[in-house]
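Asks: Let me begin by handing over the structure; questions about it come next.
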Amino acid sequence: MFDKVMISVPMEQFPSLAFERARDLSEYLGSRLLVSYVIEDDLFERVSVSSLHVVTGKDQELWERKMIATHEKIARDVVVKEAKRLTGRNDLELRIVRGGYAGALSRVIEEEGCDMILMEYHSFDLLKYRIMDRSPVPVWIERHKGPIRRIGLFCTNLAPNERAPGAARKLKKAFGAGLESYYILDPGGDVDEGREEPELISARDRIKWTGVVHDRVESFITKRSKENDLDLIILGRIRKRGYFHLRSKFAKKTGASVLLIN
Amino acid sequence: MDRRQLGKLSLPVLLMLSVLALPRPDGLSYEGQAMFAVLAFSIPMFLLQPIPLGLVGVLVMVLPLILGAADVGSTFSAFGNPAVFFLIGAFMISAAMEKTPLHRRISLLFLRTAGSSPRMLVLFTMLSGAFLSFLMPEHGVIVLLVPIITYVAASIGLVPLRSNLGKGMLIGAAYGCTIGSLGTPLGGARNPLTIGFLISRGIEVNFLRWMELSLPLVLLSILLVWGMLVLIFPPEMKRIKTIPQVLEDELGGLPPVTGRNLLVSLTLLLIIASFIILPSLFGVDLTLIALIGGVAIFLVGGMRWEDVESRIPWGIILLYGGAITLGVHLIESGGASFLADRIVDITGGSPFLSILLVVILTKLLTEFMSNTAAVSVLLPIGSAVFLAAGLPVEMGAMLVGLSGGLAFMFLISTPGNLISFTSGYFSQKDLLKAGLLVNLVTIAAVFLTAYTYWKLIGVW
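Below you can see the structure in the form of structure tokens.
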């Protein structure tokens, strides 16, 4: 899962924290790092729509061409240099991609064989999180600055739990962190079906549950993270409708980083 | 048209029908009420833009005819206002300036003047945008300037979204163009719109008079906004060692000045000088100079007819036509004076409150809709408020025209903000933070200029 990590650089936020975490992953787990700089087409489309009455199509075309060339320069000369400084790695790979944020990243994952996306938490543009639904690989949303000392693993009856326990154990060992594990039976899912799962996971992954609880996923994870001062929350990617914003909310509400595993 | 656009269209239509269905108050004619209905339709149309703004301009022209609030002759004769043709001439001149490397040379020379001081670099970025916006429409300038400034920022190694200097430079570029566009009638479509409106009221404002009223405000605003920007985003370095070399390389890389470029540049200079001198000394009309200037540029090889066709945003001409007819009909129907009387009942005709009200109202509106649209909506109302308060119409119209350009807070406020945003050097949050404070500062600057300087030079 951590062999080749892609760090995504959107046009609206420079992901310093994500680069710092990438340094840890590279150091502790030997991950190779790929920087993906996304030139977001929808921004240019917005300009085109909003300035149609004052800037002609020809001027927009010329301007867009110049801006794309400038962004390529920014990616090569500035972003990579800063990324090397923050990660302490000189062998970073760079991909400059154009398109919608989620679509462009999915393409890079497929073409470059990345097995995880590392992005920084961003409160201002939730659309960026569409990648959480589209990505074929786990997504790490970095929010916590500093070392990871406490990890919370949350398996639930709303999400697939095949890989999350293994990842949690691996990260616990790599970071030398404490691990607490919970199984949440959420009334929003099929509780009866999930009832047997805690024992099965426990036997399969040698996980000793800190607690098996009946509660809503959102409130339990938020409460537990705050009370126990968790630095990293690991959970399966919840597929239930209406939970889209919830996943990024964990990062917002708790201040912890979130690793979503499908 | 998709479902979302239809949804956006339904609100303006509903508002228009609601205003028409309301009982008519005493003292308001049917034509006045119908024009309020058109106003109620046009404001959300300008805000939501379910269709291109040029088409909104057409609807604003057509609706008074359908509602029986105006006749065909007065509607389309308003479209023939000289300022419309001034705008066409100004866009032709601007097209020529875009084609020459002159704008690039000017902006790089401005940046070089800043030396290696980061604070000065923010100031001179603003000044280069402001200066170019004296000569051509601000949106044309920002489209040219943003790639240059972004390139310079990248060349000196400023990290996008982390570098305060990068934020200051790119937000400063947008703000510099916005503020500079107030400086001359060439700076933005709302300036000729204001002049056109005043012409329709029998008041002439020539190039020099416009500058006399606006330039002190421009200079004051530039200095204040620069101060705010370096305060909000204090540059992370004391000196930029690499910038002299970067700018020298850029200037050295410009194509050599050819004979034709020199001729075009001289012609442009001559046109600008004519704008300033001829109307004041010989009473020559601004529109005449703009149109002859456009033809002269064509004759000296500054542009081809294809450039005229592809570089003039015809949408703004239609929007402009709609805007000017809206103003004329609101006044002729008595709607503007009806509303103004109610407002003066509240302000008591105080110059202090009248200025403050018009400036704040215009600033609020222009943050959320196209500058030209905001000015077109408020010109008749603002000037009627001043007239009812016993103050000069020129003052009311100029206040709306100038405040209407000052949009800073959001990406939707003006295309300039969005164009600069695509540099990737600042976030929406940064713009909001800067825009909020800069709005307060510029409201104070407009108010001070109108209340003190304009009084001093005898405007009121």
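Chains as they are written, first to last, in the working numbering: chain E, 5 to 266; chain C, 629 to 1088. No residue lacks a Cβ here, since even glycine has one placed at the ideal position from N, Cα and C. None of the values given here were measured: they were computed from a predicted structure.
Taking a contact to mean a Cβ-Cβ separation below 8 Å, would you say residue 604 of chain C touches residue 686 of chain C in this structure?
Replies: Look at the range of chain C in this structure, 629 to 1088, and you will see that residue 604 of chain C is not part of it.
Asks: To be precise: take each residue of the segment 656-687 of chain C, compare its Cβ to all Cβ atoms of chain E, and keep it if any distance is under 7 Å. Which residues remain?
Replies: Of all residues in the segment 656-687 of chain C, 680, 681, 682 have a Cβ within less than 7 Å of some Cβ in chain E.
Asks: Quick one, are the C-beta atoms of residue 680 of chain C and residue 47 of chain E less than 8 Å apart?
Replies: Not in contact: residue 680 of chain C and residue 47 of chain E (Cβ atoms no closer than 8 Å).
Asks: Just to confirm before moving on: does the CB-CB distance between residue 1026 of chain C and residue 822 of chain C stay below 8 Å?
Replies: A contact, by the Cβ cut-off of 8 Å.
Asks: Are the Cβ atoms of residue 820 of chain C and residue 714 of chain C separated by less than 8 Å?
Replies: Yes, the pair counts as a contact, with Cβ atoms nearer than the cut-off.
Asks: Which value, in whole angstroms, describes the spacing of the CA atoms of residue 777 of chain C and residue 154 of chain E?
Replies: In a straight line, the C-alpha of residue 777 of chain C is about 44 Å away from that of residue 154 of chain E.
Asks: Spatial neighbours of residue 965 of chain C within its chain, please: C-beta separation below 6 Å, excluding the five flanking residues on both sides.
Replies: Within the same chain, residue 965 of chain C has close Cβ partners 1012.
Asks: For residue 786 of chain C, which residues in the same chain have their Cβ closer than 6 Å to its Cβ, ignoring the five residues on either side in sequence?
Replies: Taken in chain order, the residues that qualify are 793, 794.
Asks: Work out the CA separation of residue 94 of chain E and residue 812 of chain C for me, nearest whole Å.
Replies: Looking at the two C-alpha atoms, the distance is approximately 52 Å.
Asks: In angstroms with no decimal places, state the Cα-to-Cα distance between residue 949 of chain C and residue 54 of chain E.
Replies: For residue 949 of chain C and residue 54 of chain E, the distance between alpha carbons rounds to 19 Å.
Asks: Using a Cβ-Cβ cut-off of less than 9 Å, give me the residues of the segment 801-832 of chain C that come near chain E, in sequence order.
Replies: Flagged, chain order: 816, 817.
Asks: Kindly indicate which three-state DSSP category residue 55 of chain E falls into: helix, strand or coil?
Replies: Residue 55 of chain E falls in the coil class under three-state DSSP.
Asks: Taking the C-alpha atoms as reference points, what is the distance between residue 172 of chain E and residue 236 of chain E?
Replies: Computed Cα separation, rounded: 10 Å.
Asks: When you compare the CB of residue 979 of chain C with every CB in chain E, is at least one pair closer than 8 Å?
Replies: By this cut-off, residue 979 of chain C is not an interface position.
Asks: Below 6 Å CB to CB, which residues in the same chain sit around residue 841 of chain C once its five sequence neighbours on both sides are set aside?
Replies: These residues qualify, in order along the chain: 1026.
Asks: Closest by CA to residue 148 of chain E, which one among E:168, E:35, E:21?
Replies: Considering only alpha carbons, the answer is E:21.
Asks: If we ignore side chains and look at the alpha-carbon of each, how far apart do residue 1072 of chain C and residue 818 of chain C end up?
Replies: If I take the Cα positions, the gap works out to 21 Å.
Asks: According to DSSP, what are the bridge partners of residue 840 of chain C?
Replies: Its beta-bridge partners do not exist; DSSP assigns none.
Asks: With DSSP collapsed to three states, give me the class of residue 180 of chain E.
Replies: Residue 180 of chain E falls in the coil class under three-state DSSP.
Asks: Determine the chain C residues that contact residue 214 of chain E at a beta-carbon separation under 8 Å, and present them in chain order.
Replies: Residues of chain C passing the Cβ test: none, with the nearest at roughly 38 Å.
Asks: Please return the same chain residues whose Cβ sits closer than 7 Å to the Cβ of residue 768 of chain C, not counting the five positions on each side in sequence.
Replies: 722, 726, listed in sequence order.
Asks: For residue 67 of chain E, go through chain C and note every residue whose CB falls closer than 7 Å to its CB, in chain order.
Replies: Those are 771, 775, listed as they occur along chain C.
Asks: Output needed for residue 924 of chain C: all residues of its chain with C-beta closer than 6 Å, excluding positions within five of it in sequence on either side, in chain order.
Replies: 895.
Asks: In chain E, which residues lie with their C-beta within 7 Å of the C-beta of residue 1050 of chain C?
Replies: Near residue 1050 of chain C (Cβ distances below 7 Å), the residues of chain E are 47, 48, 51, 71.
Asks: Is it buried or exposed for residue 974 of chain C, if we count other Cβ within 10 angstroms and need 16 for buried?
Replies: Residue 974 of chain C is exposed by the Cβ-count criterion.
Asks: What residue from E:152, E:146, E:112 has the CA that sits closest to residue 140 of chain E's CA?
Replies: With distances taken between Cα atoms, residue 140 of chain E lies closest to E:112.
Asks: What ranges does the beta strand (DSSP E) occupy inside the segment 630-709 of chain C, keeping only unbroken runs of at least 3 residues that lie completely in it?
Replies: Counting whole runs of 3 or more residues, the segment 630-709 of chain C contains no beta strand (DSSP E) stretch at all.
Asks: I'd like the ranges of any alpha helix (DSSP H) spanning at least 4 consecutive residues and lying wholly in the segment 28-89 of chain E.
Replies: Qualifying alpha helix (DSSP H) stretches, in chain order: 45-54, 61-77.
Asks: Under 8 Å between the Cβ atoms of residue 995 of chain C and residue 1035 of chain C?
Replies: Taking 8 Å as the Cβ cut-off, residue 995 of chain C and residue 1035 of chain C qualify as a contacting pair.
Asks: Under 8 Å, Cβ to Cβ, is there at least one residue of chain B near residue 938 of chain C?
Replies: Absent from the structure: chain B. Protein chains present are E and C.
Asks: Taking contact to mean 3 or more Cβ pairs, one atom from each stretch, closer than 8 Å, check whether the segment 849-863 of chain C and the segment 931-941 of chain C are in contact.
Replies: The segment 849-863 of chain C is not in contact with the segment 931-941 of chain C.
Asks: Taking the alpha carbon of residue 1019 of chain C as the reference point, which residue from C:979, C:1003, C:1029, C:1049 has its own alpha carbon closest?
Replies: Per the Cα distances, C:979.
Asks: Which residues, in order along the segment 8-29 of chain E, keep a beta-carbon less than 7 Å from a beta-carbon of chain C?
Replies: Taking 7 Å as the Cβ-Cβ cut-off against chain C, the residues of the segment 8-29 of chain E that qualify are 15, 16, 17, 18, 20.
Asks: Just checking residue 744 of chain C against the ligand NAD - is the residue's beta carbon closer than 7 Å to any of the ligand's heavy atoms?
Replies: With respect to the ligand NAD, the structure shown offers nothing to examine, as it has no ligands at all.
Asks: Our contact map puts residue 800 of chain C next to residue 857 of chain C with C-beta atoms below 8 Å; I'd like the distance itself, whole angstroms only.
Replies: Correct: roughly 6 Å between the Cβ atoms.
Asks: Would you say residue 148 of chain E faces chain C, with C-beta separation under 8 Å as the test?
Replies: So, not an interface residue.
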